[in-house]
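Working notes, structure below.
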Amino acid sequence: ITERITVLGLGAMGRALAGALLAAGHDVTVWNRTPGKADGLVARGARSAPSVAEAVEASPLTVVCLLNNASVHETLEPVVGKLAGRTLVNLTSGSAQQARELASLLGEHGVRSLAGGIMAVPPMVGTEGAVILYSGERDLFDQVAPVLSPLARPHWVGEDPGFAALYDRAALSGMYGISAGAIHAVKLIHAEGGDVETFKREVLAPWMELTLPLMVAGAVVSEEVPEEYNADMQAVGLETMLATSAAAGVPDELAGHLRASLWVMRRAAQAGQVA
Ligand code: NDP
């Protein structure tokens with residue numbers, strides 16, 4: 008079924024979102040602060056609205072993808088009256104608290120809303136593997152998810168409007184942890200004259216692939232880590248890694264993930280001793 012959908016914000020991500028909705032056959036209206044960015048989408052059948060007010064009035068559903076929370080408020084607050092009775096999905100990255108505040112402001116004006124976190128870069132939009140996390144009322148998600156599924160697989164993470172942002176930030180934290188570890192590893196190899204490409208291909212990639220599910224499963228909130236973790240042994244190993252890194256002249260700032268792990272293992276070892 009063709010749905011009328013408005014997209015506010017035509018940066019790299021907004022253009023990808025609007026393009027995927029057009030490709031799915033929807034009736035898309037777009038708006039961007041700086042004119043000119045709609046041209047390619049208009050050539051593909053989108054309508055370009057001259058103002059935010061006209062853009063939001065064009066559709067029962069508006070998707071927002073702007074730079075940050077401040078730009079969302081700057082753009083939406085003057086037209087919030089026109090959004091009453093409509094649905095808004097905010098896919099702009101922000102904090103959980105910002106998402107809660109926006110949902111509550113919109114709710115006060117009769118606007119139903121979902122918050123989203125895009126787990127993809129623009130070229131991935133509309134392709135398999137891309138996911139958008141949504142939070143907000145479940146029945147609204149159930150209505151909106153089929154319409155927005157051409158963007159990415161919709162995945163609801165809870166009623167709390169802040170949860171999409173929370174899950175998104177936490178997932179990125181996991182990703183940056185892996186990234187930091189990989190960067191530190193190749194610097195260490197390079198500093199001691201090893202061949203980085205061979206190391207990556209033959210050792211690091213297969214090792215990471217093997218250990219990643221174990222690391223995710225083993226990430227526990229409590230300090231009572233399973234006995235087979237042998238926290239004492241791991242703490243000793245981490246100290247050796249830090250010493251190796253320092254001796255190779257790798258900047259200490261790049262070893263933060265090792266210090267974080269050492270902190271966890273020492274705490275786990277202490278907790279084990281108490282028990
Ligand atoms: P861009 O920098 O490409 O685009 C930013 C958009 O915000 C532009 O449309 C810009 O308009 C608009 N904008 C900025 N300030 C204002 C303002 N004060 N009032 C109105 N409009 C404003 O960013 P992206 O499109 O890449 O990202 C958009 C959102 O998507 C961000 O929150 C980002 O974190 C999120 N995201 C992006 C990903 C990516 O890989 N790109 C991945 C996942 C999430 P103008 O053209 O007038 O400057």
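So the sequence shown is residues 8 to 282, counted in UniProt numbering. We put the CB at the ideal spot given by N, CA and C, even for glycine.
Check, Outcome
"What I want to know is whether the C-beta of S100 ends up closer than 6 Å to one or more non-hydrogen atoms of the ligand NDP.", "yes"
"For the structure I just gave you, are there three or more beta carbon pairs, one from the region 186-204 and one from the region 64-74, closer than 8 Å?", "no"
"Starting from the C-beta of H116, find all residues in its chain whose C-beta is less than 8 Å away, skip the five residues before and the five after it, and write them out in chain order.", "V87, G88, L90 and A91"
"For the 8 Å Cβ check, are there 3 or more pairs between the region 103-110 and the region 129-141?", "no"
"How many angstroms separate the CA atom of residue 5 from the CA atom of P157?", "The structure shown does not extend to residue 5, since the chain is modelled only from 8 to 282, so the question has no answer here."
"Hey, would you say S102 sits closer than 7 Å to A172, going by beta carbons?", "yes"
"What are the uninterrupted segments assigned as beta strand (DSSP E) that are 3 or more residues long and contained completely in the region 172-230, given in chain order?", "none"
"What three-state label does DSSP hand H162 in the structure shown?", "strand"
"Look at the alpha carbon of residue 7 and the alpha carbon of R160, and state the distance between them as a whole number of angstroms.", "This structure gives no information on residue 7, because the portion of the chain shown stretches from 8 to 282."
"Measuring only between beta-carbons, confirm whether V257 sits less than 7 Å from chain C.", "As a matter of chain content, chain C is missing from the structure shown, which is built from one protein chain."
"May I ask you to report which of helix, strand or coil DSSP gives N237?", "coil"
"Quick check: does the Cβ of T36 come within less than 6 Å of any heavy atom belonging to the ligand NDP?", "no"
"Pick out the complete alpha helix (DSSP H) segments inside the region 130-160, 4 residues or longer, and give them in chain order.", "145-155"
"Three-state secondary structure (DSSP) at V271?", "helix"
"On the three-state DSSP scale, how would you describe R40?", "coil"
"Find the nearest neighbour of P129 within the set E234, G26 and Q277, judged by alpha-carbon distance.", "G26"
"Please classify I125 as buried or exposed, where buried requires at least 16 other C-beta atoms within 10 Å of its C-beta.", "buried"
"Just curious, the beta strand (DSSP E) that G123 is in, first and last residue?", "R119 to M126"
"Going by C-alpha distance, which of A31, A242 and V257 is nearest I12?", "A31"
"Per the DSSP calculation, L95 is bridged to which residue(s)?", "T69 and S120"
"Compute the distance between the beta-carbons of G52 and L29, then report whether it is under 7 Å.", "yes"
"Figure out for me which residue from Y174, V138, H33 and V118 has the closest Cα to the Cα of L147.", "V118"
"Go through its chain and collect everything with a Cβ distance to L219's Cβ below 8 Å, but skip five positions before and after it.", "I185"
"For T13, which of helix, strand or coil comes out of DSSP?", "strand"
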